[in-house]
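Undergrad: Numbering (our numbering), first residue to last: 4 to 167.
Here it is: the structure, laid out below.
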């Protein structure tokens, strides 16, 4: 009888030990963003970004409201992934920020049939400067200023480095 219990318990214990280390392996490795986290939290945006982007698309295209909250241009600034050539990888390309989860979930990305999948020149300057500065309060302020300029449709240029 003790041998039978051991025989039954062994596979159960081995399966439990193996699955304990695989919890993280079941999910895609999401590239780290620059800037400050979303105020609502990353989990909120992971779950609701399709609805938020669709809602703001409808406001922009059908109602002409350009003061939207969830803009793809804004997403690309913080979530640009740099390739081996130090240039941003298109968001929908393999290894791009959007593609990592969308491939895992087997969901096609149609946003970039109309929208640019990499940051524009201004966004690239912001990204390069933010990465050089590191994750500091100044970085968060610079990104916030850039995003505000995007919403208002005004010009923006990152401030030059202070000289000593």
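C-beta: ideal position from N, C-alpha, C; glycine also.
This structure is a prediction, so every number in the text was calculated from the model and none was measured.
Near residue 146, which residues of its chain fall below 8 Å by C-beta distance, leaving aside the five closest residues on each side in sequence?
TA: Only 37, 38, 39, 80, 81, 129, 133 meet the Cβ criterion.
Undergrad: Give the secondary structure of residue 91 by DSSP, where H, G and I count as helix, E and B as strand, and everything else as coil.
TA: Reduced to three states, the DSSP call for residue 91 is strand.
Undergrad: For residue 100, which residues in the same chain have their Cβ closer than 6 Å to its Cβ, ignoring the five residues on either side in sequence?
TA: Correct list, in chain order: 34, 82, 84, 94.
Undergrad: Whole angstroms is fine: what's the gap from residue 113's alpha carbon to residue 102's?
TA: Cα to Cα, residue 113 sits roughly 11 Å from residue 102.
Undergrad: Does DSSP put residue 142 in a helix, a strand or coil?
TA: Residue 142 falls in the helix class under three-state DSSP.
Undergrad: Could you tell me the distance, in whole angstroms, from the CA atom of residue 127 to the CA atom of residue 153?
TA: About 14 Å.
Undergrad: CA-CA distance, residue 90 and residue 123?
TA: The straight-line gap from Cα to Cα measures roughly 12 Å.
Undergrad: Quick check for students: name the residue ranges of the alpha helix (DSSP H) that lie wholly in the segment 86 to 132, counting only runs of 4 or more.
TA: Whole alpha helix (DSSP H) segments, 4+ residues: 100 to 108.
Undergrad: What separation, rounded to the nearest whole angstrom, lies between the Cα atoms of residue 105 and residue 56?
TA: Residue 105 and residue 56: Cα-Cα distance of roughly 15 Å.
Undergrad: I need the straight-line Cα distance from residue 41 to residue 64, nearest angstrom please.
TA: Roughly 25 Å separates the two Cα atoms.
Undergrad: By the DSSP assignment, the alpha helix (DSSP H) with residue 53 in it spans what residues?
TA: Residue 53 -> alpha helix (DSSP H) spans 45 to 66.
Undergrad: Which residues mark the beginning and the end of the alpha helix (DSSP H) in which residue 76 is found?
TA: 75 to 82 is the extent of the alpha helix (DSSP H) around residue 76.
Undergrad: I believe residue 31 touches residue 107 by the beta-carbon criterion, under 8 Å. Please report the beta-carbon distance rounded to the nearest angstrom.
TA: At roughly 4 Å, the Cβ-Cβ gap stays under 8 Å, so residue 31 and residue 107 are in contact.
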